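Residue numbers (our numbering), protein chains in the order written: chain A, 15 to 577; chain B, 847 to 1273; chain C, 48 to 322. This report concerns only the one structure given below.
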Amino acid sequence: MELLIKNGYVYDPINKINGEKMDIAVKDGKIVESVSSDAKVIDATNMLVMPGGVDIHSHIAGSKVNSGRILRPEDHYKDVKPRTAITRAEVGHTVPSTYTIGYRYARLGYTTVIEAASPPLKTRHTHEELNDIPLIDKSCYLVLDNNWIVLDYLSQGEIDKCAAFIGWIFKALKGYAIKIVNPGGVELWGWGKNVESLDDQVPPFDITPREIIRGLCKINKMLNLPHTIHLHTNNLGKPGNYRTTIETMDAVSDLADGKPNIHVTHVQFCGYGGDSWITLRSGAPEIAKYVNNHDHVTIDLGQVVFGDATTMTGDGPFQFILQNLTGNKWKNADVEAEGSAGIVPYKYKRKNFVNAVQWTIGLELALLIKDPWRVFLTTDHPNAGTFMKYPRVITWLMSKVAREKVLNKINRRAKKRSTLPSIDREYTFYEIAIVTRAATAKALNLANKGHLGVGADADIAIYNINPMEIDPSKEYKKVRRALKRAAYTIKGGEIIVKDGEIVKSFIGETFWVKPAIPEDLEKDMLREVSEKFKEYYTVSLENYIIGENELASSKPIAVKTNL
Amino acid sequence: MKTIRNVVCPFCGSLCDDIEVDVEDNRVVKVRKGCAISVTKFTKYNEERIYKPRIDGREVSLEEAINEAVEILANAKYPALYGWSCTSTEAINIGIEIAELVGGVMDNTASVCHGPTILGEQDAGISTCTLGQVKNRAELIIYWGCNPAHAHPRHMARYSAASRGRFVKGRRERTVIVVDVRKTHTAKTADIFIQIKPNSDFELLTALRWAVKNGELEQEEIAGIPAEKIEELADMLISCRFGALFFGLGLTMSAGKARNIEAAVNLVRELNNYTKFVMVPMRGHFNVTGANEVMAWATGFPFAVDFSRGYPFYNPGDTTFVDVLTRGDCDAALIVASDPVSGFPAEAIRNLAKIPVITLDPHETLTTMISKVVIPTAVVGIEAEGSAYRMDAVPLRLKKLVEPPPGILSDEEVLKMILKKLKERVK
Amino acid sequence: MGEITLKPKVTFKVPIIAETITPDNFAGKPIEEIEKLEMWEGNRKTTLGDLFEAAGSSGEAPADTKIIIEGDVRKVRRIGYKMTDGQILIKGAVGMYLGEKMEGGKIIVEGDADSWVGAGMKGGQIEIKGNAGDYVGAPYRGDTKGMKKGTIIIHGNAGNEVGCWMRGGTIIVKGNAGLFPGIHMKKGTILVEGDCAGRCGAMMKGGKIAILGYVPSVLPSFTFEEIKKSFKVKGEKIKGPFYLFTGDLNENGAGKLYVSIEKNKHLQFYEKYLE
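Now the structure itself:
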């Protein structure tokens, strides 16, 4: 199957292509140098061509997301679309069905999405849902920081065995990266408690959050995993927590060796200054300053979008606090020996002081951090807003006028205290391509994603907007409209979206890492782990492991470790 | 002879996964570690088998039966697809696609069991956990309106009262409270037995919550329990380090139903202001939880989903199968892995008998006896593999231990064949 | 007043979705156009004319349009959906979701009505001469926005959860009511003239409920306040005397529950809390 995308304005930052008019040739699912005259031609004249979007952090599959669906039937009633010959019925607003998720991402021109937090014991569930998300390529991060076996090993100083265990878990459960969520805090939530600082003790393990983070950071390097540790800080959602965020970033700065070694996620939620909800202000300037001066850190925004959201995180104690603050219904689901999850419906309101401050923080971070290769666009879907709002967030980055329009509608006191009105910076299309595809693919070390060089997967988004003629600063509405419905989305060389409609549906690939662990180390470790399993868990070790045939389309990535 | 270890038992929501089975000549000859119910399932699954598909009582080929099923479903204006709790998640997933394609209403047995739990959750949320969390940490356990000694025989030893975890090492380190209308076998093993007046669980839960909040109980006796006793109980709940409430049909099916669960949810949430407390529903069938999970991820809703207008619509009381049947709303039915005739109200069964019914089941049941089309299928977890979810939503993999009888396919395979033909028939 | 009469052409078996039967949809339309209005018969999309015989002529505006439905419409749902004015008279029993989200106008049912009468109503009047099912005025599962304005009168009995999540308006049940009237209520008035199965006002935060008949008990999270002589509903005074309770205290609620003293002698023990 050959395709030739002609005459488009191409933005491919990984290959340093900045709005060049050029043809893209596709053959057998890959970008190639050239194709024959039999190729199907897509006329992309006056259109914007980018690699397919790569979403590095979104809650799209697994027990937490499904708990959100079950909890919120009211979220589904109004947002429905009957089935068609090509598509299954679509349903849901902030917690849509699996089919809906795949179609909606495809319509936006996204082709790779990663589930941000999968509890190991329930990762089979994550895969069963990923199997049912059409079109996109996908994976999941494994939450490992409150895992008893990890904490046992780390606190006993057995870092090699810990690395072997974590390497084995990736092979067994088919995940992509180490996810850390409120390290230590979630273990204490097993007793209804939490941590408040990086140096609190986590009984009975004789370990601190700082030690957990550093241990996992070292192990990540030992295992040579493609992505860095992916971390949700302690004290999330607490006024004044920007200090914890900077401390966390700093906690591994000495372990860095020239490239990023920590990714801090949805920093908006951990970028609060002030010391109470009344004195709340943005901590973005301080965090941005740190990130600008330390290149071992990458972040993603977790940008707030006003309207309905469903908060869902592995941060059990935080979700309980949110439940008390809002009085909304609350689901909590602890996972034995591993962690927790909490879900609380939420609505962000413009006139609400706190929500308005939250809204400014994500944008401040994006505009104050100078290096677009280290700050990624997310809404921590669906925590701060749905991924459907990415085009809107993009216009806020590209247009000061668009930002001002919102600033004039939000709580006035929040606006007064924000530095956002004084920021003039506006993202270019090139920078947008970086923060939504190139940089995220690079941070994930997915060699064939996020770019349009020869050999890359033919995942391409074509938007009906002329980047040479349009002024995104003034005509942001046109930008938003164009980005909401791709003129074409191409996945693996197949046209899946045309004019915002799904024209073809199939299942993409679930990729995962397979670290090579030395046999003897693995044997020793498994002998110990088998014993622990009997005491800690209620399932057998054999049944814990997920077979590769359980993935609808499995793409293992072999990783040579430093063990 | 072959020994297969770590077999997942396909009977109840406990989904014990440590069963050992000896297989010889394509038969299960010995079962170790399973409870009495498990042993019966593994050794007697070949009784009352159906070996050939039937239409109107006469034996036909599989192809004929499938064609008839396809015709019935394609022509129906409001077909109902029910059951699903005793088959694999994969099979249920195909069922959902069928229901969507034919514009029918799909429901699973949660609607007559723990549906109220889900409804309570949808109004108030829930604080829950996987069973190992209880095993490792819970020192106070309440069994409310459930009788694990009979219905989930290994639950207490594996997961709750008598389990040995990291921080709590056995029955002696726990306090067990049973709340029930009569002194069940489980109640006999409890430290405290609260005999509640039937149908007054809502009052007791409300009073407990109020007492936890230091409220004054103005009635001398509530639900048949003296006010002082309720206050004592509230104190016990507040002062434990980790409490777990297990509940069953005594709560979901007595007067108040979903509201009883909501009251329990509210009590447990209140307790989390003082200590750590969780609640876990004692799900009956081995994959009813899986049915809820897959229906939710595919349609947004965990049961009772109406596809008649091409998109999912959910409203228990309207779209639940018992109610659809009682009103006589459906004009055809596909029943998979369930036997509604043996449990449903008379009016509902009368209406079921009036319409063409297709049933997929390994065994002869009251439902197969009134069905127009019967397609025998393999016993999941013994003759066919698949995914299943435990009562606490932990997903496990059921194993295939032996081959099914010749010509007998799994639910998943049969449903795939039905779906394929329907896709040619329906646009 | 323009009048359109509808008669079912057949005995309905599968559910009929009749959202389009409203004065708003009929007003200003000739019969031929009304017959083309969309309806669903189970999974089959069809037209009103396919299912009903229609006769008469509608008014120019909804306000002067009256729809009369004769025959058994027990399977017909959502009649009167979101109507803003005009009248509907149903001369028999009617199906679920009658008058869902209606904003004005009047619906009268001479027979029984199925569940969810006036679901999420925002104004207007519904009168059921027979019995009503469960969830009078209530929204769908998980939704917390119930009846907001308007009046619902049930002459017969009502089922469980009358006025669930109510946030305004008035519901009067002249017969008996089932369990949980006023559950999750925020505002509004519920009057039950007959007996009530109990658990009145569970989780209520505001509003008022009066039970003139027998109720087995009051929830333990309600506190006895005083004896009141009367209860006001729609400007009218209903003579008591009543025991007045406030609750649901588990929700920090300030709802008011009036219970008839005469019919509830078993509640006399509360009088010990009188000052």
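C-beta atoms are modelled at their ideal positions from N, C-alpha and C, and glycine is treated no differently. Please read all numbers here as calculations on a predicted model, not as lab measurements.
Residue-chain proximity (residue i, chain B), Cβ-Cβ < 9 Å
i, result
"A/H90", "yes"
"C/Y290", "no"
"C/F271", "yes"
"A/N196", "no"
"A/S436", "no"
"C/K233", "no"
Residue i, DSSP secondary structure in three states
i, result
"B/Q1065", "coil"
"A/A177", "helix"
"B/S1100", "coil"
"C/T52", "strand"
"A/Y167", "helix"
"A/D534", "helix"
"B/C855", "coil"
"B/E905", "strand"
"A/S437", "This sequence places Ile at residue 437 of chain A; Ser is not what is there. Of the three classes helix, strand and coil, the one that applies to A/I437 here is coil, per DSSP."
"A/H141", "helix"
"C/Q134", "strand"
"A/W205", "coil"
"A/E210", "coil"
Under 7 Å from the C-beta of residue i: neighbouring residues of chain A
i, result
"B/I964", "I84"
"B/I972", "K345"
"B/G903", "Those do not exist, as B/G903 stays about 36 Å from chain A at its closest Cβ, beyond 7 Å."
Any C-beta of chain A under 9 Å from that of residue i
i, result
"B/F1147", "yes"
"B/G1156", "yes"
"B/C959", "no"
"B/L947", "yes"
"B/V869", "no"
"B/C855", "no"
"B/D1169", "no"
Cβ of residue i within 9 Å of any chain C Cβ
i, result
"A/P87", "yes"
"B/W1143", "no"
"B/W990", "no"
"B/A808", "Summary: the structure shown does not reach residue 808 of chain B, with chain B confined to residues 847 through 1273, and so no result is reported for it."
"B/K1218", "no"
"B/W930", "no"
"B/E1259", "no"
beta-carbon residue i near the ligand MG non-hydrogen atom, thresh 8 Å
i, result
"A/M61", "What this structure holds is no ligand at all, so the ligand MG is not there to describe."
Listed by chain order, chain C residues near residue i by CB distance under 7 Å
i, result
"B/Q1065", "P267"
Contact set between residue i and chain B, taken where Cβ atoms lie within less than 7 Å
i, result
"A/D220", "What A/D220 touches in chain B: nothing, since even the nearest Cβ is about 15 Å away."
"C/G302", "Here the premise fails: no neighbours, minimum Cβ distance about 14 Å."
"A/K95", "Y1157"
"A/F390", "The premise fails here: A/F390 is roughly 26 Å from chain B at the closest Cβ pair, so nothing lies under 7 Å."
**Request:** Decide yes or no for the touch test of the segment 147–164 of chain A against the segment 488–496 of chain A: beta carbon pairs closer than 8 Å, at least 3 of them.
**Result:** no
**Validate contact between the segment 1142–1153 of chain B and the segment 1245–1254 of chain B using beta carbons, cut 8 Å, 3 pairs** = no
**Prompt:** Using a Cβ cut-off of 7 Å, which residues of the segment 176–207 of chain C contact any Cβ in chain A, in chain order?
**Reply:** Y187, R188, G189 and D190
**Asked** Using Cβ-Cβ distances below 7 Å, what residues of the segment 1229–1252 of chain B are close to chain F?
**Response** Given the protein chain composition of this structure (A, B and C), no chain F is represented.
**Asked** Looking at chain B, which residues of the segment 130–145 of chain A have a Cβ within less than 8 Å of any of its Cβ atoms?
**Response** L135, K136, R138, H139, E142 and E143
**Request:** Scan the segment 533–551 of chain A for residues whose Cβ lies nearer than 8 Å to a Cβ of chain B and list them as they occur along the chain.
**Result:** E549, Y550 and Y551
**Prompt:** Taking a cut of 8 Å between CB atoms, which residues from the segment 1060–1089 of chain B lie near chain C?
**Reply:** G1061, E1062, L1063, E1064, Q1065, E1066 and I1068
**Message:** I'd like to know if the segment 1239–1250 of chain B and the segment 57–73 of chain C are in contact, where contact means that at least 3 CB-CB pairs between them fall below 8 Å.
**Reply:** no
**Prompt:** Taking Cβ-Cβ distances below 7 Å as the criterion, which residues of the segment 80–106 of chain C are in contact with chain B?
**Reply:** W87, E88, G89, N90 and R91
**Prompt:** Taking any Cβ of chain B, which residues in the segment 96–123 of chain A have a Cβ under 9 Å from it, in chain order?
**Reply:** P96, R97, T98, A99, R102, A103, E104, V105, G106, V109, P110, S111, T112, Y113 and T114
**Request:** Check whether the segment 1052–1063 of chain B touches the segment 261–270 of chain C, taking contact to mean three or more Cβ pairs, one atom from each stretch, closer than 8 Å.
**Result:** yes
**Message:** Is it the case that the segment 130–145 of chain A contacts the segment 1231–1241 of chain B, given that we only count it when at least three CB pairs across the two stretches are under 8 Å?
**Reply:** yes
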